[in-house]
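Worksheet for the structure shown next.
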Amino acid sequence: MWDTIFPYLLSGISVGGQYALIAIGYTMVYGILRLINFAHGDVFMVAGIIMVYIAASGLPLWLCIPLVLLITVAVGFLIERAAYRPLRSAPRMSVMISAIGVSYMLQNLVLYITGGLNKQYPTIPGISDTVAIGAAKTKVVTVITPFLVIILVVALVMLINKTKIGMAMRAVSKDFETSQLMGIKINNVISMTFIIGSFLAGVGSILFFTNYPTVIQTSGAMPGLKAFVAAVFGGIGSIPGAVIGAFIIGIMENIIKGLDVILFKAGVISAPLGLATFSDAFSFALLIIILVVKPTGLFGEKVTDKV
Amino acid sequence: MNQKKSKTPMIITLVLVAAIYVAVFIAEQTLPANSMLFTVLKKGATYALVAVSMNLLNGFTGIFSLGQAGFMLVGAYMYGIFTIPIAQRASVYQYFDGGMIQFTVPVIVAMILAGLAAAFFAFLIGLPVLRLKSDYLAIATLGFAEIIRAIFQWNGLGPITNGSNMLRSFPSFNDFNIRDGQGNVTVYLSTLIPFLMAGVCILLIVLLINSSYGRALKAIRDDEVAAEAMGINLAHHKRLAFCVSSFFAGVGGAMLAMYQTTVQAKSFTSAMTYEILLIVVIGGIGSVTGSVLSSFLFVACSEWWLRFLDEKQMIGTFEVPLLRNGFRLVVFSVIIMIVVLFFRRGIMGDKELPDLLSRRMKSEGRRKK
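Those protein sequence lines, which keep their order, are chains A and B.
Each step along the first sequence adds one to the number in numbering that gives the first Met the number 0, with nothing skipped, and position 255 is 254.
Each step along the second sequence adds one to the number in numbering that gives the first Met the number 0, with nothing skipped, and position 257 is 256.
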């Protein structure tokens, strides 16, 4: 029984960690701008495509990774600068529509560059190797991911709680206008948020595509949406919440993928039910349940509407 | 609304619309049937209906819903399931022993069923979702569309939905052409009929918008709290708008099925919803005329006018750089971003065609057009 479940659990933890890195970007941007950054999943995908092309150019790998992260950060920064900043005083829906437009544009741009073909992600020596844990065989990246996520999250929480820019971020997310009056340069704070979010999405994309090594223009959409669900589940605006939500979603999704096999081996069912179809739908069902039962998520703060 | 509104702009609008229908009919009889124009007109009519139905929610009620693709999927499937000829069922449902449903209904009944099914799903979804606010509602409806997609792809429902395989062989737009005994087309109707379908549905939506219900919806959009204080039942009106919008999205889905001649659940992705949302934005949020115009523009640009960007072009001996497959979409998305960022009111803002006409008549005196 355990031997059947364990591989699914393992890949669930790994995928959960990768979702967590994307979810942080969503949750931070939402915390500050109250914007669902629909383009964030596509930034994640663009990071994957950039890696494909940089690795193909023949640069050594130790140079590739920092370069990919740098370009991803630049992309995130530029998106905010070009598509969100001009709409700072516009209604929230306009900004959201702009985010959808950016997502559409990034996907089409990548479609143009790749010609709509699946691109093979380069293998990164060290983390692409196979290891055996108990009975399960898996890639090193699966094992590394949760630890790397925890290190990055701790570093991020330190940044937010101990540094000046972190304090500014907390202030801006509490009250946009007042913090502006207190002399905080909110544009810098917002840029910083996008830089951090894109950086983490870049790291996430390296981990994710090492596991699922094909990149196409739509590969960012689903992980992006699920990461957003994770962010809402954990309570939007809360970083630990996003991480925990992402792990829960990653694990549940992979268990559902393997549910047919698990139930079959346990003798509950005699023929496959095709439940794997619902692995994506599950995240959204969870989203709706949490929104109805506890709209602020697991760790979210309660907001009251003023007339 | 202005009480003393002159009737003339309204009449001019009606004449214009009638003229368009006549023009479509004549064009169809005279131009070759495989002309790109008709592809654009058919798909444009379909998208116009769906865009107007989305506008009813996003523009007139202020409910930011992103579930349109899901409701279209329900409509398209309902239409397909009930109209595939019985003789064809064995081959369409080859993995499910010819399927469970062994009867067909007329096209028009199937379309209404498609709408009703979508409205029913909307009613169920609305129970939990309509209580949410702005962007939470957007993401919840988006999620529901994904759930619907998964349900329709599930092999467990295969005898009804054909699982993840496609539905085909149902009547398409081309079957509306009237043929003589030898199968030669005598009267072309394959573009006029979708125009009529979309026209009737859009007319119904316009009537709803201009009724007292419509005014209540606009009040909700402008200020929920104030609307509630004026005695408008928020839950009831939001549910009404959501169900009506989904009904027409379902009918639009059925039309899309007729246009595509095949239906497969996996093509109704959130990208489709985004596309329709962008159409609504380009047309102007809160303008039916705008949504219709921008649907045709959007379809024409993406299917026809910008096609040349996808092929190599030579100016003399100079080969224009960058042009290859996919460039059209890049240019297209840049245009969309420009509209979203700098022309936020879209083509029409929140004006309708009669508004424009009456303003022109006022400002230019009685110069006849």
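Note that beta-carbon positions come from the ideal geometry of N, C-alpha and C, so glycine has one too.
Note that the structure is predicted; figures quoted are calculated from it, not measured.
Quiz item: LEU321 (chain B) to ILE334 (chain B), Cα distance in whole Å?
Solution: For the purposes of this step, residue 321 (chain B) is identified with residue 322 of the second sequence, where counting begins at 1. For the purposes of this step, residue 334 (chain B) is identified with residue 335 of the second sequence, where counting begins at 1. Using only the alpha carbons, I get a separation of about 17 Å.
Quiz item: Taking the C-alpha atoms as reference points, what is the distance between MET53 (chain B) and ILE189 (chain A)?
Solution: Walking along the second sequence from the start, residue 53 (chain B) turns up at place 54. Walking along the first sequence from the start, residue 189 (chain A) turns up at place 190. Going by the C-alpha atoms only, they are around 32 Å apart.
Quiz prompt | GLU318 (chain B), DSSP secondary structure in three states | solution = Here residue 318 (chain B) refers to the residue found at position 319 when the second sequence is read from its first residue. If DSSP states are grouped into helix, strand and coil, GLU318 (chain B) belongs with the strands.
Self-check item: Buried versus exposed, by CB contacts within 10 Å (16 or more), GLN2 (chain B)
Solution: The sequence position of residue 2 (chain B) within the second sequence is 3, counting from 1. Bear in mind that a pLDDT of 49 at GLN2 (chain B), under 50, signals an unreliable position, so the number given afterwards is only what the model happens to contain. Classification of GLN2 (chain B): exposed, given that the 10 Å Cβ count is below 16.
Self-check item: Cβ pair PHE232 (chain A), LEU199 (chain A) closer than 8 Å
Solution: What you label residue 232 (chain A) is simply residue 233 of the first sequence in a count that begins at 1. What you label residue 199 (chain A) is simply residue 200 of the first sequence in a count that begins at 1. For PHE232 (chain A) and LEU199 (chain A), no; Cβs fall outside 8 Å.
Quiz item: According to DSSP, which residues form a beta bridge with ARG178 (chain B)?
Solution: In the second sequence, the residue the question calls residue 178 (chain B) occupies position 179. Bridge partners of ARG178 (chain B): B:VAL184.
Quiz item: Going along the chain, which residues of its own chain have a beta-carbon closer than 8 Å to the beta-carbon of THR129 (chain A), five neighbours each way excluded?
Solution: Here residue 129 (chain A) is taken as the residue at index 130 of the first sequence, counted from 1. LYS136, THR137, LYS138 and VAL139.
Self-check item: Closer than 8 Å to chain A by CB, GLY325 (chain B)
Solution: Here residue 325 (chain B) refers to the residue found at position 326 when the second sequence is read from its first residue. Answer yes: the Cβ-Cβ gap between GLY325 (chain B) and chain A drops below 8 Å somewhere.
Quiz item: From the beta carbon of ALA170 (chain A), is the nearest beta carbon of chain B less than 8 Å away?
Solution: Along the first sequence, one-based indexing puts residue 170 (chain A) at 171. Not an interface residue.
Quiz item: Leaving out five residues before and five after ALA218 (chain B) in sequence, what residues of the same chain have Cβ atoms less than 8 Å from its Cβ?
Solution: Start at 1 with the first residue of the second sequence, and residue 218 (chain B) comes out as number 219. The answer, listed in chain order, is ALA225, ALA226, MET229 and ILE231.
Quiz item: In angstroms, rounded to a whole number, what distance separates the CA positions of VAL242 (chain A) and TYR211 (chain A)?
Solution: As a first step, residue 242 (chain A) is located in the first sequence; it is residue number 243 there, counting from the start. As a first step, residue 211 (chain A) is located in the first sequence; it is residue number 212 there, counting from the start. Using only the alpha carbons, I get a separation of about 21 Å.
Quiz item: Which of helix, strand or coil does DSSP assign to VAL214 (chain A)?
Solution: One-based indexing of the first sequence puts residue 214 (chain A) at position 215. Residue state, collapsed to three classes: strand.
Practice problem: Go through the region 64-139 of chain B residue by residue and report every complete run of the alpha helix (DSSP H) that reaches 4 residues or more, in order. | Solution: 67-82, 85-91 and 106-128
Quiz item: Where does ASP134 (chain B) land, buried or exposed, given buried means 16+ other C-beta within 10 angstroms?
Solution: The sequence position of residue 134 (chain B) within the second sequence is 135, counting from 1. Result: buried.
Practice problem: Give the DSSP bridge partners of ILE359 (chain A), in chain order. | Solution: Only positions 0 to 306 of chain A appear in the structure, and residue 359 (chain A) is not among them; the question remains open.
Exercise. Would you kindly work out how many angstroms separate the C-alpha atoms of LEU274 (chain A) and LYS264 (chain A), rounded to a whole number?
Key: The residue given as residue 274 (chain A) occupies position 275 in the first sequence. The residue given as residue 264 (chain A) occupies position 265 in the first sequence. Between LEU274 (chain A) and LYS264 (chain A), the C-alpha separation is close to 15 Å.
Practice problem: Indicate whether the contact test is met: 3 or more Cβ pairs, each with one atom in the region 27-37 of chain B and one in the region 230-249 of chain B, closer than 8 Å. | Solution: no
Quiz item: Helix, strand or coil: which one does DSSP assign to THR190 (chain B)?
Solution: As a position in the second sequence, residue 190 (chain B) is number 191, starting the count at 1. Reduced to three states, the DSSP call for THR190 (chain B) is coil.
Practice problem: From the DSSP output, in three-state form, read off LYS161 (chain A) for me. | Solution: Taking the first residue of the first sequence as 1, we reach residue 161 (chain A) at position 162. Residue state, collapsed to three classes: helix.
Practice problem: Mark MET44 (chain A) as exposed unless 16 or more other C-beta atoms lie within 10 angstroms of its C-beta, in which case mark it buried. | Solution: For this step, residue 44 (chain A) is matched to residue 45 along the first sequence. MET44 (chain A) should be labelled buried.
Quiz item: For ALA109 (chain B), which residues of its own chain have a beta-carbon under 6 Å away from its beta-carbon, when the five flanking residues on both sides are left out?
Solution: The residue given as residue 109 (chain B) occupies position 110 in the second sequence. Counting only Cβ-Cβ distances below 6 Å, and skipping sequence neighbours, we find TYR78, PHE81 and THR82.
Practice problem: Determine the burial state of ALA161 (chain B): buried for a count of at least 16 other Cβ atoms within 10 Å of its Cβ, exposed for fewer. | Solution: Within the second sequence, numbered from 1, the residue matching residue 161 (chain B) stands at position 162. First, the amino acid is wrong: residue 161 (chain B) is Asn here, not Ala. The residue in question, ASN161 (chain B), is buried, as its Cβ has 16 or more Cβ neighbours within 10 Å.
Quiz item: Can the beta-carbon of ILE312 (chain A) be found less than 8 Å from the beta-carbon of THR209 (chain A)?
Solution: For chain A, the structure presents residues 0 to 306; residue 312 (chain A) sits outside this window and is missing.
Quiz prompt | Beta-carbon neighbours of ALA284 (chain A), restricted to chain B and to distances below 7 Å | solution = What you label residue 284 (chain A) is simply residue 285 of the first sequence in a count that begins at 1. Going along chain B in sequence order, the residues near ALA284 (chain A) (Cβ under 7 Å) are ILE146.
Quiz prompt | Same chain, Cβ closer than 6 Å to ASN176 (chain B), neighbours up to 5 away in sequence not counted | solution = Against the second sequence, residue 176 (chain B) aligns to sequence position 177. Excluding residues within five positions, the ones whose Cβ falls inside 6 Å are VAL184, TYR187, LEU188 and SER189.
Self-check item: Three-state secondary structure assigned by DSSP to GLN119 (chain A)
Solution: The residue labelled residue 119 (chain A) in the question sits at position 120 within the first sequence. The answer is strand: DSSP assigns GLN119 (chain A) an E or B state.
Quiz item: Does the distance from the CB of ALA149 (chain B) to the CB of THR276 (chain A) come in under 8 Å?
Solution: For this step, residue 149 (chain B) is matched to residue 150 along the second sequence. For this step, residue 276 (chain A) is matched to residue 277 along the first sequence. Against a cut-off of 8 Å, the Cβ pair of THR276 (chain A) and ALA149 (chain B) comes out as a contact.
Quiz prompt | Stretch pair the region 279-296 of chain A + the region 118-132 of chain B: three plus CB contacts closer than 8 Å | solution = yes
Exercise. With DSSP collapsed to three states, give me the class of LEU297 (chain A).
Key: Counting from 1 along the first sequence, the entry for residue 297 (chain A) is found at position 298. Of the three classes helix, strand and coil, the one that applies to LEU297 (chain A) here is coil, per DSSP.
Quiz item: DSSP three-state call for VAL267 (chain A): helix, strand or coil?
Solution: Counting from one through the first sequence, the residue named residue 267 (chain A) turns up at place 268. It is coil, neither helix nor strand.
Self-check item: Cutoff 6 Å; reference ILE164 (chain A); Cβ partners in own chain excluding five residues on either side
Solution: The sequence position of residue 164 (chain A) within the first sequence is 165, counting from 1. So the qualifying residues of the chain are MET191.
Practice problem: Have a look at GLY285 (chain B) and ALA248 (chain B) and give me their C-alpha separation to the nearest angstrom. | Solution: Counting from one through the second sequence, the residue named residue 285 (chain B) turns up at place 286. Counting from one through the second sequence, the residue named residue 248 (chain B) turns up at place 249. If you take the alpha carbons of GLY285 (chain B) and ALA248 (chain B), they lie about 17 Å apart.
Quiz item: When the Cα atoms are used, what is the spatial distance from ALA245 (chain A) to TYR20 (chain B)?
Solution: By 1-based counting over the first sequence, the position of residue 245 (chain A) is 246. By 1-based counting over the second sequence, the position of residue 20 (chain B) is 21. Cα-Cα distance, rounded: 53 Å.
Self-check item: Endpoints, the alpha helix (DSSP H) within which THR276 (chain A) is located
Solution: Taking the first residue of the first sequence as position 1, residue 276 (chain A) is located at position 277. First-last for THR276 (chain A): undefined, no H or E at that position.
Quiz prompt | Proximity test, Cβ basis, 8 Å: LEU328 (chain B) and chain A | solution = In the second sequence, the residue the question calls residue 328 (chain B) occupies position 329. Interface residue, yes.
Quiz item: What are the complete alpha helix (DSSP H) segments, minimum 4 residues, inside the region 227-292 of chain B?
Solution: 233-259 and 269-282
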